[in-house]
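Asks: For reference, the structure I am asking about is given below.
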Amino acid sequence: MALRIGVDSGGTFTDVCLFDEETGKLDIWKVPSTPDDPSRGISNGVSEGLATVGSTAAHVAFLGHGTTVATNALIELKGVETGLITTDGFRDLLEIGRQKRPSLYDMNAEKPEILVSRDRRQEVPERLKSDGSTDRSLDEEKLRAAIHKLAGEDVKAIAVCFLYGFLNTAHERRVVEILREEMPDVFVSASHEVAPEFREYERMSTTVVNAYLGPVMQRYIDRLKLRLTELGVPVAPQLTQSNGGVIGFDMAAQLPVRTVLSGPSTGVVAAQAVGGMAGFDNIITFDVGGTSSDVALLQGGVCKLTGEANVHGYPIKAPMLDIHTVGAGGGSIAFVDSGGLLKVGPRSAGADPGPVCYGRGNTEATVTDANIVLQTLNPVEILGGRMKVRRDLAIEAVQRLADQLGLGLMETAQGIISVVTANMAKAIRLISVQRGHDPRDYALMAFGGAGPLHAARLAKELDMSRIIVPLTPGTLCALGLLLTDLRSDFAISRLMKVDQNAVEPMISGFETLEAQAEAWFGQEGIEPGRRVVNRTADMRYVGQNYELQVSVPAGTVGGDTLQALVKGFEQAHLQRFGFIAEGEAIQIVTLRLEAAGIVNKARFAPRPDAGPACDAAVIGSRQVYMDEAKDFLPCPVYAREKLKPGNRIDGPAVVEQMDTTTVILPDMQATVDPYLNLILETRA
1 MALRIGVDSG GTFTDVCLFD EETGKLDIWK VPSTPDDPSR GISNGVSEGL ATVGSTAAHV
61 AFLGHGTTVA TNALIELKGV ETGLITTDGF RDLLEIGRQK RPSLYDMNAE KPEILVSRDR
121 RQEVPERLKS DGSTDRSLDE EKLRAAIHKL AGEDVKAIAV CFLYGFLNTA HERRVVEILR
181 EEMPDVFVSA SHEVAPEFRE YERMSTTVVN AYLGPVMQRY IDRLKLRLTE LGVPVAPQLT
241 QSNGGVIGFD MAAQLPVRTV LSGPSTGVVA AQAVGGMAGF DNIITFDVGG TSSDVALLQG
301 GVCKLTGEAN VHGYPIKAPM LDIHTVGAGG GSIAFVDSGG LLKVGPRSAG ADPGPVCYGR
361 GNTEATVTDA NIVLQTLNPV EILGGRMKVR RDLAIEAVQR LADQLGLGLM ETAQGIISVV
421 TANMAKAIRL ISVQRGHDPR DYALMAFGGA GPLHAARLAK ELDMSRIIVP LTPGTLCALG
481 LLLTDLRSDF AISRLMKVDQ NAVEPMISGF ETLEAQAEAW FGQEGIEPGR RVVNRTADMR
541 YVGQNYELQV SVPAGTVGGD TLQALVKGFE QAHLQRFGFI AEGEAIQIVT LRLEAAGIVN
601 KARFAPRPDA GPACDAAVIG SRQVYMDEAK DFLPCPVYAR EKLKPGNRID GPAVVEQMDT
661 TTVILPDMQA TVDPYLNLIL ETRA
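Read left to right, the sequence shown gives residues 1 to 684 (full-length UniProt numbering).
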């Protein structure tokens, strides 16, 4: 027995997927998370999961996990005391930021807390020119004085970010050397290692966030290493990055900023693999948890990377899958605003006390309570019977809203679902329609604990005709860890027009990136035959302030390469913005290289067709309120684990499983494919 294990550590539950490489059997397991020490929840999950399948840690061939440690530390501002060393005259850049404001006319808008107070931001005389040449040498005497001041502040981490440090790393590297001498125990984050790209504010913000989170991630990794060693796991564990790949623990400890979207990214990776097996290349993913919904667009089976994102108010320049999040989940609270309108979210009841139906003291109706009232969710118990719910309490909470609105109970419950569906649809239109994609050309991949519950109505709202519900939607992020490769991304900014003069800088730039990739391959112990690199370039029209990522053809850079880049950029610009600026000069801004180490992945074999009849999977029936009929309709309830390939279900119906519930509307039909995915389609 050789087991591949994926673990997704969330705020409420820690999900475990165990895949037996010899038999192809997939088992899932859930244990409560342990927020005080997430490593304990992971260790418990792995231990209990192994016991469930009758195995031991000695049989583990791969262990990867996604974590919210960095994300939660940033959201809750539980990083460490951090200092900053920067170019003389630039210490307030971190606070000034950009002119662009998210709420320009809101006099009461609150900015995110500055992670480094002004007294811990030290300026040092040094200056580089815009071409990377030295204008003023580093003043090492004043540097040491600045370091001594920070030492007196008892900082645990220091960020180093000089103007144009991405073009010439000499000054930053010297600061790191002196910091190692003067403060050997402090965590050091240098911008040329974390985000070697132009735009000084975003580069500084990213470097500071990395420093702020560094010791937190280091402590977590050290504890988890120890627990897994004590458990007897014989392999080096891997950790998910925001780009969908995994890296070793040592790299994750150095660059925690690359793990802030660790959880959602693996769900997209799994959706990509499941969609490919099911024969769908164009997919919009729909991942719904308790607090939020994460959506992403996969064209040709690929989710594009973005080089920059705003994470909880902090700009971060790091490679991330292009995932958009909206505050619309099962725990989102419904309320009546000052204008008398029904609103849902972004405030959430969370896991504790959770929705009203949990019976833990919350009195504000949530999306989950509305589903309990409508009986789209089991009104007696959820999680496969492991958790009892109180429909009477949910009815009381929704009725209070109904009284405020002057509506009936069922109208209000359905109204909550309609509002949250509209919020979800808005998020999907943002990543599709607003970027030149028609959602009707895509299949909706629904996962997360509440994704399949809302997918049918969302698809109807967007006029999408096909929905894919994976076999284990509630644990798909954990499964994604068994389907991804080792991966790291490297970048170097080189501002240049796309003409013949760009050839040599591009060649030298990619040579630099390839050398960095080779060093990373060696560090991770990746065999030569399993090494893959992919080149891209961020491009724009001269004068624009935003870039589009374009693939760089393989082979030696030359005139043909430049022509391909221009063509690729114009196609991307036409799709995103609807026009091509004929005759305008085009500029390359940043060269990027994605390095991947191909690993053995979980493989799933198709199963034989068992025919359309699925009466054996029916476990009961219940009345479910359907908006189409404005009334309750009798719906058969199917057990997901009893469904077989070829089985066909006509709506209205409900499919229940431990980790989610799938609702099939009256005008829909669901078919089980050879990989046990549910494919929902609108009946002609």
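Heads up, the beta-carbon is just placed ideally off N, CA and C, and yes, glycines get one too. Since this is a predicted model, take the numbers as computed values, not measurements.
In this structure, what does DSSP give as the bridge partners for SER293?
Replies: The count along the sequence shown starts at 1 and reaches residue 293 at position 293. The partner list for SER293 (beta bridge, DSSP) reads VAL288 and VAL326.
Asks: From LEU94, LEU115, PRO634 and ILE598, pick the residue whose C-alpha is nearest to that of GLU76; which is it?
Replies: In the sequence shown, counting from the first residue as 1, residue 76 sits at position 76. Minimum Cα distance to GLU76 is reached at LEU115.
Asks: Are the CB atoms of VAL155 and ARG120 within a distance shorter than 8 Å?
Replies: Against the sequence shown, residue 120 aligns to sequence position 120. Against the sequence shown, residue 155 aligns to sequence position 155. Result yes, Cβ atoms of ARG120 and VAL155 sit closer than 8 Å.
Asks: Alpha carbon to alpha carbon, how far is ALA450 from GLU547? Give it in angstroms, no decimals.
Replies: Working through the sequence shown from its first residue, we reach residue 547 at position 547. Working through the sequence shown from its first residue, we reach residue 450 at position 450. Going from the Cα of GLU547 to the Cα of ALA450 covers about 35 Å.
Asks: Select from ARG144, ALA145 and LEU128 the residue whose C-alpha is nearest the C-alpha of SER137.
Replies: Sequence index remark: in the sequence shown, residue 137 carries index 137 (1-based). Ranking ARG144, ALA145 and LEU128 by Cα distance to SER137 puts LEU128 first.
Asks: Is the separation between the beta-carbon of ARG487 and that of ALA309 shorter than 8 Å?
Replies: Position 487 of the sequence shown holds residue 487. Position 309 of the sequence shown holds residue 309. No. Outside cutoff.
Asks: Using the C-alpha atoms, what's the distance from HIS65 back to PRO35?
Replies: Your numbering for residue 35 matches position 35 in the sequence shown. Your numbering for residue 65 matches position 65 in the sequence shown. Distance between the alpha carbons of PRO35 and HIS65: 16 Å.
Asks: May I ask you to list the residues that DSSP assigns as paired with ASN534?
Replies: The count along the sequence shown starts at 1 and reaches residue 534 at position 534. DSSP, once it has assigned bridges, lists GLU594 as partnering ASN534.
Asks: Taking the runs of the alpha helix (DSSP H) that are 4 residues or longer, which of them lie wholly in the region 475-499?
Replies: For the region 475-499, whole alpha helix (DSSP H) runs of length 4 or above, ordered along the chain, are 476-480.
Asks: Is it true that the CB of ILE85 sits closer than 8 Å to the CB of THR472?
Replies: Along the sequence shown, read from residue 1 onward, the residue named residue 472 stands at position 472. Along the sequence shown, read from residue 1 onward, the residue named residue 85 stands at position 85. No, the Cβ-Cβ distance between THR472 and ILE85 is not below 8 Å.
Asks: Within 8 Å, do at least three Cβ pairs link the region 393-410 to the region 367-383?
Replies: These segments touch.
Asks: Using the Cα positions of ALA365 and PRO355, report the straight-line distance between them to the nearest angstrom.
Replies: Locating residue 365 in the sequence shown gives position 365, where the first residue counts as 1. Locating residue 355 in the sequence shown gives position 355, where the first residue counts as 1. If I take the Cα positions, the gap works out to 7 Å.
Asks: Tell me the rounded alpha-carbon separation between ARG98 and MET668.
Replies: For the purposes of this step, residue 98 is taken as the residue at position 98 of the sequence shown. For the purposes of this step, residue 668 is taken as the residue at position 668 of the sequence shown. Whole-angstrom Cα-Cα distance: 49 Å.
Asks: Near GLU197, which residues of its chain fall below 7 Å by C-beta distance, leaving aside the five closest residues on each side in sequence?
Replies: Within the sequence shown, residue 197 is the residue found at index 197, counting from 1. Correct list, in chain order: PHE166, ARG203, LYS317, ALA491, SER493 and THR590.
Asks: Can you find the residues in the same chain that come closer than 6 Å, C-beta to C-beta, to ILE619, ignoring five residues on each side of it along the sequence?
Replies: One-based indexing of the sequence shown puts residue 619 at position 619. The residues are VAL637 and ALA639.
Asks: Just grab the DSSP bridge partners of PRO636 for me.
Replies: The count along the sequence shown starts at 1 and reaches residue 636 at position 636. PRO636 pairs with SER621.
Asks: Are at least three pairs of beta-carbons, each pair with one atom in the region 604-619 and one in the region 510-526, less than 8 Å apart?
Replies: Not touching, per the Cβ criterion.
Asks: Measure the C-alpha to C-alpha separation of GLU181 and ASN168 and round it to an integer number of angstroms.
Replies: Indexing the sequence shown from 1 puts residue 181 at position 181. Indexing the sequence shown from 1 puts residue 168 at position 168. GLU181 and ASN168: Cα-Cα distance of roughly 22 Å.
Asks: Which whole runs of the alpha helix (DSSP H) in the region 219-254 are 4 residues long or more, in chain order?
Replies: Taking only runs of at least 4 residues, the alpha helix (DSSP H) segments lying wholly in the region 219-254 are 249-254.
Asks: Does HIS65 come out as helix, strand or coil in the three-state DSSP assignment?
Replies: In the sequence shown, residue 65 corresponds to position 65, counting from 1. Strand.
Asks: What does the alpha-carbon distance come out to for the pair GLU570 and SER432?
Replies: One-based indexing of the sequence shown puts residue 570 at position 570. One-based indexing of the sequence shown puts residue 432 at position 432. Each residue's alpha carbon lies about 19 Å from the other.
Asks: For ASP392, which three-state DSSP category applies?
Replies: Translated into positions along the sequence shown, residue 392 becomes position 392. Reduced to three states, the DSSP call for ASP392 is helix.
Asks: Quick check on LYS343: does DSSP put it in helix, strand or coil?
Replies: Against the sequence shown, residue 343 aligns to sequence position 343. Strand.
Asks: By the three-class DSSP mapping on this structure, what secondary structure does PHE577 have?
Replies: In the sequence shown, residue 577 corresponds to position 577, counting from 1. In the structure shown, PHE577 sits in a helix (DSSP, three-state: H, G or I).
Asks: For ASP631 and LEU481, I'd like the C-alpha separation in whole angstroms.
Replies: As a position in the sequence shown, residue 631 is number 631, starting the count at 1. As a position in the sequence shown, residue 481 is number 481, starting the count at 1. Spanning the two alpha carbons is a distance of roughly 42 Å.
Asks: Give me the Cα-Cα distance between residue 766 and VAL624, rounded to the nearest whole angstrom.
Replies: One cannot answer for residue 766 here, as it falls past the ends of the chain, which runs 1 to 684.
Asks: In chain order, what residues of the same chain lie with their CB nearer than 6 Å to the CB of GLU594, ignoring the 5 residues before and after it?
Replies: Within the sequence shown, residue 594 is the residue found at index 594, counting from 1. Excluding sequence neighbours, GLU594 sits near ASP489 and ASN534.
Asks: Just the Cα atoms here: how many angstroms apart are GLY45 and VAL7?
Replies: Residue 45 sits at position 45 when you count from the first residue of the sequence shown. Residue 7 sits at position 7 when you count from the first residue of the sequence shown. Distance between the alpha carbons of GLY45 and VAL7 is about 8 Å.
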